[in-house]
Amino acid sequence: MLLALSVGVALFCALQCVALATATRHAVVAARDLDAGLVIATSDVEMVEMPDHDALRHALGRPDNAVGLVTQTRIEKGDILLITDVSELPPIPEHHTVIDVRLGLGQHSFPIGTVVELRSAQACTGDARASPDGCVVSGHAVVMAQPRLDGTGSTVTPMAMSAAEALQVLGAQEHGTLIAARGAS
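Heads up: the sequence shown runs through residues 3 to 187, numbered per the working numbering.
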């Protein structure tokens, strides 16, 4: 009986040593499915403890690190949030405004914060600059959110740009299709 008790205590101690030797890490996971372009709220994430691994070195460690950031891709419920999955909402530069830009059908969306050049197939007027690939109506527009449907059922993308370029874009999109190209002139 004493031998069985000693073996049991020894086994328990050995298992405790193994358990204590297994390091864990806190990681933030999605509490529900999160679409790309969503500003993360407290209810969107939860913290879990899991075995530590090098693959988790880029995982967010606290819910506070995620709240207020914008998802860059679709994140499924239970997925670990990595620093590459989220970004800060880009600030609106001074003397800039945000307008809804209606892009041509089939135009793929850009990640939030991407700088794009907006071009029109129409002839250049006013301050617009002609290029071989169309009339540049905005040389530096920043994508502020993922595309959404407006009240008329059109897909629009909120973009920040200077007030002068915003006026050109609003006029150009009334007369024809606009496309966005990554980068700025």
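In this text, a Cβ means the ideal position worked out from N, Cα and C, and glycines have one as well.
I think E48 touches A33, with their Cβ atoms under 8 Å apart; what is that distance to the nearest whole Å?
-> In the sequence shown, counting from the first residue as 1, residue 48 sits at position 46. In the sequence shown, counting from the first residue as 1, residue 33 sits at position 31. Indeed they touch by this definition, with Cβ atoms about 5 Å apart.
Taking just the CA atoms, how far does L180 sit from I82?
-> On the sequence shown, position 80 is the one that residue 82 refers to. On the sequence shown, position 178 is the one that residue 180 refers to. Cα to Cα, the separation comes out at about 37 Å.
Which residues mark the beginning and the end of the alpha helix (DSSP H) in which H142 is found?
-> Position 140 of the sequence shown, counting from 1, holds the residue named residue 142. That residue, H142, is in no alpha helix (DSSP H); its beta strand (DSSP E) goes G136 to V145.
Based on the DSSP output, what are the partners of A32 in its beta bridges?
-> Numbered from 1 along the sequence shown, position 30 holds the residue referred to as residue 32. According to DSSP, A32 bridges with V47.
Of the residues G136, A43 and S156, the one placed nearest A174, counting alpha carbons only | Sequence index remark: in the sequence shown, residue 174 carries index 172 (1-based). Of the candidates G136, A43 and S156, the one whose C-alpha sits nearest the C-alpha of A174 is G136.
Starting from E167, follow its DSSP beta bridges and name the residues at the other end.
-> In the sequence shown, counting from the first residue as 1, residue 167 sits at position 165. None; E167 has no bridge partner.
Just grab the DSSP bridge partners of D180 for me.
-> For the purposes of this step, residue 180 is taken as the residue at position 178 of the sequence shown. Rather than Asp, the amino acid found at residue 180 in this sequence is Leu. Paired residue(s): L105 and S122.
To which residues of the same chain is A123 closer than 7 Å at the C-beta, ignoring the five residues directly before and after it?
-> Counted from its first residue, the sequence shown places residue 123 at position 121. Closer than 7 Å at Cβ, skipping near neighbours: G136, G178 and T179.
Pick helix, strand or coil for A57, following the three-state DSSP scheme.
-> Taking the first residue of the sequence shown as 1, we reach residue 57 at position 55. Correct three-state label for A57: helix.
Can you give me the start and stop residues for the alpha helix (DSSP H) that P65 sits inside?
-> Counting from 1 along the sequence shown, the entry for residue 65 is found at position 63. Segment P65 to A68, the alpha helix (DSSP H) holding P65.
Name the DSSP bridge partner or partners of S89?
-> As a working note, residue 89 is residue 87 in the sequence shown. Its beta-bridge partners are V72.
Cβ of V158 within 7 Å of Cβ of R104?
-> Taking the first residue of the sequence shown as 1, we reach residue 158 at position 156. Taking the first residue of the sequence shown as 1, we reach residue 104 at position 102. Against a cut-off of 7 Å, the Cβ pair of R104 and V158 comes out as a contact.
C-alpha gap between E78 and S45, whole angstroms = To locate residue 78, count along the sequence shown from 1; it is residue 76. To locate residue 45, count along the sequence shown from 1; it is residue 43. Rounded to whole angstroms, E78 to S45 spans 14 Å at the Cα level.
Cα-Cα separation between P113 and I94, rounded to whole angstroms | Counting from 1 along the sequence shown, the entry for residue 113 is found at position 111. Counting from 1 along the sequence shown, the entry for residue 94 is found at position 92. Taking the Cα positions, P113 is about 16 Å away from I94.
In chain order, what residues of the same chain lie with their CB nearer than 6 Å to the CB of A165, ignoring the 5 residues before and after it?
-> By 1-based counting over the sequence shown, the position of residue 165 is 163. Counting only Cβ-Cβ distances below 6 Å, and skipping sequence neighbours, we find T99.
In this structure, does DSSP put L172 in helix, strand or coil?
-> If you number the sequence shown from 1, residue 172 lands on position 170. Of the three classes helix, strand and coil, the one that applies to L172 here is helix, per DSSP.
Between the CA atoms of A147 and L91 - distance to the nearest angstrom | Along the sequence shown, read from residue 1 onward, the residue named residue 91 stands at position 89. Along the sequence shown, read from residue 1 onward, the residue named residue 147 stands at position 145. L91 and A147: Cα-Cα distance of roughly 8 Å.
Between the C-alpha atoms of G153 and D102, what's the straight-line distance to the nearest angstrom?
-> The residue given as residue 153 occupies position 151 in the sequence shown. The residue given as residue 102 occupies position 100 in the sequence shown. Rounded to the nearest angstrom, the two C-alpha atoms are 12 Å apart.
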